[in-house]
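Below is one structure, written out as structure tokens, with a few remarks after it.
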Amino acid sequence: MVDTGHVFTTGFGQPIYPDTVSQLMAKMIKAYNEPADDEDAPEVPLPHARLHDLRHVHATLLLVAGVPVHVVADRLGHATRRSRSGCTPT
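Under numbering that gives the first Met the number 0, the sequence shown has 49 at position 50, and the numbering climbs by one with no breaks.
So, in structure tokens, the structure goes:
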């Protein structure tokens, strides 16, 4: 396997069009909420969510776990502390 720097690639290592991955998120949620066998239906269905929403969930969980803001921001690829937290640093 060759590291292309992309998160998602085809079997040939080519980047996948971003909408393809985003559409997969909606399909996975629908498949979970509406399984072929009604007995497997969840008691509480998953809400609509975009793939990008997982980025926010990830950041929130890291912050709740006590990971410093600057570490979370670096992990998300933010350049400045202002863009990291939406507020003036203390």
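Ideal placement from N, C-alpha and C gives every residue a C-beta, glycine not left out.
Option nearest Asp52 by Cα separation, candidates Val70, His69 and Val20: Counted from its first residue, the sequence shown places residue 52 at position 53. Nearest option by C-alpha distance: Val20.
Beta-bridge partners of Pro14, as assigned by DSSP: Here residue 14 refers to the residue found at position 15 of the sequence shown. DSSP, once it has assigned bridges, lists Thr8 as partnering Pro14.
Asn32 and Leu50 closer than 7 Å at C-beta: Translated into the one-based positions of the sequence shown, residue 32 becomes position 33. Translated into the one-based positions of the sequence shown, residue 50 becomes position 51. Cβ atoms of Asn32 and Leu50: not closer than 7 Å.
Residues of its chain near Gly12, where Cβ-Cβ distance is below 6 Å and the 5 sequence neighbours each way are ignored: Taking the sequence shown and counting its residues from 1, one reaches residue 12 at position 13. Counting only Cβ-Cβ distances below 6 Å, and skipping sequence neighbours, we find Val1 and Thr3.
Helix, strand or coil at Thr87 according to DSSP, with G and I counted as helix: Residue 87 sits at position 88 when you count from the first residue of the sequence shown. Bear in mind that the predicted position of Thr87 carries a pLDDT of just 41, short of 50, making it unreliable; the figure below should be weighed with that in mind. Correct three-state label for Thr87: coil.
Test item: CB-CB of Leu60 and Val71 under 7 Å: Looking up residue 60 in the sequence shown gives position 61. Looking up residue 71 in the sequence shown gives position 72. In this structure, Val71 does not lie closer than 7 Å to Leu60 by Cβ.
Closest by C-alpha distance to Lys29, when choosing among Ile15, Ala64, Ala48 and Phe7: As a first step, residue 29 is located in the sequence shown; it is residue number 30 there, counting from the start. Ranking Ile15, Ala64, Ala48 and Phe7 by Cα distance to Lys29 puts Ala48 first.
Proximity test, Glu33 beta-carbon vs the ligand GDP heavy atom, cut-off 6 Å: The ligand GDP is not part of this structure, which contains no ligands at all.
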